[in-house]
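Here's the structure, in structure tokens; my notes come after.
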DNA sequence: GTAGGGTTAG
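Residue numbers (UniProt numbering): 1 to 887.
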């Protein structure tokens with residue numbers, strides 16, 4: 001049968017675990033000292049080498065002698081690891097070419113969590129110190145008043161221990177100004193250098209924790225100049241302070257300067273340096289050099305060293321490296337704590353390995369480490385980011401059941417889930433619950449609401465929430481403004497977008513890559529590619545480097561406006577569009593007149609803006625222009641794409657020049673751009689770019705496109721394995737893009753092969769049952785290939801003599817990928833397809849996105865003699881220039 | 001000296 005896969009080896013994939021745990025086991029999970037052990041027969045008893053991923057490939061060949069030992073000690077991976085070769089710390093390599101990056105995040109620098117209280121430790125302060133602290137907290141008077149307060153306690157406080165206690169505690173309450181006053185007073189009255197030194201390091205560390213790195217630096221430099229700052233403690237404290245604020249280069253400088261002060265870095269110093277490097281977004285390999293260095297200098301890493309290294313993996317999404325580190329801790333007999341587990345879990349969640357994350361979470365009670373609010377919010381967020389919202393909410397239920405109180409972060413995590421899903425009732429319930437728990441809404445809370453409402457096009461609510469935010473004196477930040485500018489400009493509300501941008505500038509904030517990328521994307525989506533290019537140029541001039549997201553938007557803009565307008569022309573020109581079975585391949589109606597209006601190259605369009613010198617920012621000018629044009633914006637004529645093609649090639653060129661690594665979204669964007677090409681020759685130029693980026697992805701696309709299905713299927717499987725490890729929407733977008741491209745160029749059997757593989761791997765949720773085909777997550781090519789496959793499947797049911805369900809439905813939704821609310825592109829495509837093959841489906845009365853028929857009518861149709869012929873797909877025969885073979 | 005949340009691409 002035409003719809004069956006070719007005879008080639010299809011490697012088995014891991015069994016997919018749909019539901020992470022049955023309900024009855026959930027109930028047994030108690031937050032008690034002696035939790036019941038989980039029995040999960042569906043879970044692997046130990047980790048198989050194949051589940052270890054690429055991080056271990058090429059090492060430790062042969063059998064692992066530590067297998068049983070590993071099982072006994074609960075090791076996460078079994079490959080023997082040997083330090084100090086640092087092999088377990090290496091970043092795992094993809095099976096695909098090194099450029100293929102499954103990671104999507106472009107955020108490397110961690111968020112700063114300032115103001116975390118210093119965990120309690122044995123203090124040697126006196127009761128008088130507590131009294132003084134109490135007075136200091138209550139105090140709200142002027143400078144003279146605090147001086148008097150200090151004087152009144154001067155004779156009673158016992159040296160630096162008391163003062164250290166007070167300034168740390170003041171720091172825990174955010175009262176850094178009072179802390180500095182206490183510090184200055186204490187240092188002045190203290191004669192002994194070493195006591196002054198203790199005070200200085202305590203002060204620097206307190207300021208560092210509060211994010212007051214500038215003041216910390218002053219304290220440090222003064223202490224150095226006055227001769228009591230040259231202690232390992234003070235240096236470690238300032239390194240840590242720099243690290244917390246993301247100044248890892250300064251942290252390293254200070255560390256390197258220690259030698260010249262005659263100081264030997266100790267364990268705390270190294271831990272601070274490693275942590276600073278990680279927080280500053282340094283690559284694991286570089287951070288590991290400090291790890292090597294400390295051991296060379298005879299300092300043995302401890303639990304915190306490893307926890308900080310784990311955090312580096314988590315920021316990079318290197319979950320395999322994190323597992324290796326975790327195992328290495330066990331090998332070395334280093335105790336593991338809640339930080340270890342939470343950081344490991346974060347790495348695994350960020351690596352998208354949610355089933356493994358759940359597994360580890362479930363093992364924690366048996367290790368006597370009870371999951372806390374951080375553990376749960378980490379995994380809940382992981383599920384949400386993987387698109388597994390039900391699992392996220394189930395876990396939230398478990399957390400509540402266990403009586404773990406929610407905090408600000410976990411409330412915001414949940415709120416953002418509901419807001420993203422557009423479930424505003426639930427979101428507002430969370431807001432209410434927050435209020436009754438005494439947690440005030442912060443910028444994160446408001447930003448989640450603004451983004452949620454904005455993405456649903458509910459601009460009135462956006463305005464109300466933003467007004468409330470200001471009323472409540474919650475300061476809008478860069479993320480707030482980025483969100484607002486993004487939703488307004490994507491919605492075409494240029495006036496509002498411009499006002500927000502003006503306000504953003506007036507409060508002294510500086511645009512960043514995200515803000516620019518959002519704007520560029522909006523312009524591209526609205527067909528304003530020229531303006532997008534000019535902004536790309538503008539941001540570069542401002543010293544803001546575009547990233548892969550920026551470029552993906554630009555690539556995705558290719559052919560978009562032309563296609564849309566030409567389609568509009570086709571529809572206006574009488575052809576009902578329904579008969580237009582495939583709008584793409586031979587769109588001969590497209591006018592081929594060249595035009596100069598598209599810029600030839602990035603960076604050449606700024607000459608105009610230089611001539612028209614105004615005080616307004618380029619962004620404001622663009623918005624102003626768009627507002628002035630209003631709805632009367634003149635539609636561009638359909639153009640031949642050679643101009644656009646050279647523009648996009650220039651974009652690729654720039655990407656290479658800036659060494660911006662593509663990721664799977666880039667590949668999807670290129671494939672989508674191919675689907676918008678009017679000729680195979682044009683597409684082949686884009687595919688050549690794909691080849692330069694990633695030869696294996698190219699190999700699969702090329703092989704399927706040329707009809708060499710059998711030859712590339714093994715390679716395709718390995719590619720699909722990698723894609724499947726990503727979150728659901730990333731994976732489905734790739735399948736959609738690949739299928740569309742194949743369908744567009746007439747490789748319909750290849751397209752069907754890919755969608756069937758996608759179905760097998762559950763890339764799209766619940767695609768089909770015997771009674772219903774749900775296409776709402778699919779692109780037009782994927783949907784069409786799927787309709788054929790589903791109908792063939794229904795036909796085999798009839799053939800086997802079984803009865804069909806009474807009612808059969810095909811759901812198209814609104815066509816998720818149209819990105820236009822209410823734009824039923826997918827519905828129209830499917831309707832045309834069904835009509836074209838004479839399938840007896842009609843639009844359901846109550847739902848225009850749903851096609852229905854009765855089982856008996858469909859059965860009769862399937863039994864007709866000509867039906868099979870229209871159901872079986874054939875490849876279109878086109879004269880195709882051959883593409884270069886993959887390397 | 002160590003952990004979790006909010007913004008951009010399909």
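All C-beta atoms, glycine included, are put in the ideal place defined by N, C-alpha and C. From a predicted model like this one, the values you see are computed outputs, not experimental measurements.
### Task
Specify the secondary structure class of residue 841 as computed by DSSP and reduced to three states.
coil
### Message
Tell me the rounded alpha-carbon separation between residue 843 and residue 855.
### Response
15 Å
### Task
Identify every residue that forms a DSSP beta bridge with residue 854.
807
### Task
Just list the alpha helix (DSSP H) runs in the UniProt repeat "PPR" (407-441), keeping only unbroken ones of 4 residues or longer that don't cross its boundaries, in chain order.
408-421 and 424-436
### Message
Measuring straight from C-alpha to C-alpha, what distance separates residue 838 and residue 740?
### Response
23 Å
### Query
Are residue 241 and residue 213 touching if we call contact CB-CB under 8 Å?
yes
#### Entry: Spatial distance of residue 873 from residue 340 (CA atoms)
54 Å
### Task
Compute the Euclidean distance between the alpha carbons of residue 689 and residue 742, then round it to the nearest angstrom.
17 Å
### Cβ shell of residue 755 (< 8 Å), same chain only, five flanking positions each side left out
735, 739, 778, 782, 785, 786 and 789
### Query
Going straight from the alpha carbon of residue 377 to that of residue 413, what length do you get?
7 Å
### Message
Assuming residue 243 and residue 216 are in contact, meaning their beta carbons sit under 8 Å apart, how far apart are those beta carbons, in whole angstroms?
### Response
With 8 Å as the limit, residue 243 and residue 216 do not qualify as a contact, their Cβ atoms being about 11 Å apart.
### Message
Rounding to the nearest angstrom, what Cα-Cα distance links residue 206 and residue 381 in this structure?
### Response
30 Å
#### Entry: Residues of its chain near residue 683, where Cβ-Cβ distance is below 6 Å and the 5 sequence neighbours each way are ignored
674 and 677
### Task
May I ask which residues mark the beginning and end of the alpha helix (DSSP H) holding residue 524?
513-525
#### Entry: Host beta strand (DSSP E) of residue 158 (start-end)
Note, residue 158: premise wrong, no beta strand (DSSP E); not H, not E.
### Task
Counting only runs of 4+ residues fully inside the UniProt repeat "PPR" (663-697), write out the alpha helix (DSSP H) ranges in chain order.
664-675 and 680-693
### Task
To the nearest angstrom, report how far apart residue 621 and residue 628 are at their CA atoms.
10 Å
#### Entry: Distance between residue 460 and residue 505 (C-alpha atoms, nearest Å)
23 Å
### Query
Under 8 Å, do residue 648 and residue 520 count as touching if we go by C-beta distance?
no
### Of the residues 488, 483, 490 and 492, the one placed nearest residue 514, counting alpha carbons only
483
### Under the three-state DSSP convention, the category residue 635 falls into
With a pLDDT of only 47 at residue 635, under 50, the local geometry of the prediction cannot be trusted, and no value is derived from it.
### Query
For residue 771, does the count of other Cβ atoms within 10 angstroms reach 16, so buried, or fall short, so exposed?
exposed
### Message
So, for residue 559: in the same chain, excluding its five sequence neighbours on each side, which residues have a beta-carbon less than 8 Å away from its beta-carbon?
### Response
641, 644, 673, 676 and 677
### residue 647 (DSSP reduced to helix, strand or coil)
helix
#### Entry: Cross-strand partners of residue 773 (DSSP beta bridge)
768 and 810
### Task
With DSSP collapsed to three states, give me the class of residue 62.
For residue 62, the predicted model reports a pLDDT of 32, less than 50, meaning its position is unreliable; a value from the coordinates is still stated below. Coil.
### Message
Give me the residue from 224, 365 and 765 with the minimum Cα distance to residue 727.
### Response
765
#### Entry: Same chain, Cβ closer than 8 Å to residue 481, neighbours up to 5 away in sequence not counted
500, 501, 503, 504, 509 and 515
### Among 530, 702 and 221, the one whose alpha carbon lies nearest that of residue 619
530
### Query
How many angstroms separate the CA atom of residue 450 from the CA atom of residue 133?
40 Å
### Task
Label residue 313 either buried or exposed according to how many other C-beta atoms from any shown protein chain fall within 10 Å of its C-beta, with 16 as the threshold for buried.
buried
### Query
For residue 877, is the classification buried or exposed, using 16 other Cβ atoms within 10 angstroms of its Cβ as the cut-off for buried?
exposed
### Task
Report the residue ranges of all alpha helix (DSSP H) runs contained in full by the stretch 137-218; include only those spanning at least 4 residues, in chain order.
143-154, 159-172, 176-189 and 193-209
### Task
Name the residue from 234, 246 and 463 whose alpha carbon lies nearest to the alpha carbon of residue 265.
234
### Message
Looking at residue 669: is its Cβ nearer than 8 Å to the Cβ of residue 552?
### Response
yes
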